[in-house]
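For reference, the structure discussed in these notes is given below.
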Amino acid sequence: MLIPHPLKSLAKAMETMGEIGEMFIKKKIKELEEMADRGDSQENQVHVPLLTYLLAKKEVTLEEVCNQ
Numbered sequence: 002m003l004i005p006h007p008l009k010s011l012a013k014a015m016e017t018m019g020e021i022g023e024m025f026i027k028k029k030i031k032e033l034e035e036m037a038d039r040g041d042s043q044e045n046q047v048h049v050p051l052l053t054y055l056l057a058k059k060e061v062t063l064e065e066v067c068n069q
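The C-terminal residue of the sequence shown carries number 69 in our numbering, and the numbering is unbroken.
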């Protein structure tokens with residue numbers, strides 16, 4: 002089946018956005034792991050982004066975030 006050009010462009014753009022999002026999530030996971038290794042605690046922070054909180058508490062996985 003042939004896919005019209007605009008849909009191919011949209012599909013490529015969505016794939017690129019997903020890759021960029023996954024890159025940022027992996028970076029955040031690495032930062033959280035480094036903080037845990039140093040013994041840093043985010044409990045001292047008043048405002049923590051929801052995704053950061055969920056990743057830190059291991060209530061959501063990278064696969065769950067990226068496959069949504």
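Using N, Cα and C, we set each Cβ at its ideal position, and we do this for glycine too.
Note that this is a predicted model, so its numbers are computed, not measured.
- Any idea if residue 52 is buried or exposed, counting beta-carbon neighbours within 10 angstroms, 16 or more meaning buried? One-based indexing of the sequence shown puts residue 52 at position 51. Result: exposed.
Handout entry: Contacts around residue 29, its chain only, beta-carbon distance under 8 Å, and the 5 residues preceding and following it disregarded
Key = Mapped onto the sequence shown, residue 29 falls at position 28. Only 52, 53 and 56 meet the Cβ criterion.
- prompt: Where do the N-terminal and C-terminal ends of the alpha helix (DSSP H) with residue 60 fall, by residue?
  reply: Stepping through the sequence shown from its first residue, residue 60 is reached at position 59. Run containing residue 60: none; DSSP gives neither H nor E here.
task: Take residue 66 and list the residues in its own chain whose beta-carbon comes closer than 6 Å to its own, dropping the five residues that flank it on each side.
output: Counting from one through the sequence shown, the residue named residue 66 turns up at place 65. Here the set comprises 26.
For residue 61, which residues from the same chain have a beta carbon less than 6 Å from its beta carbon, with the 5 sequence-adjacent residues on both sides left out? Taking the sequence shown and counting its residues from 1, the one referred to as residue 61 is at position 60. Closer than 6 Å at Cβ, skipping near neighbours: 55.
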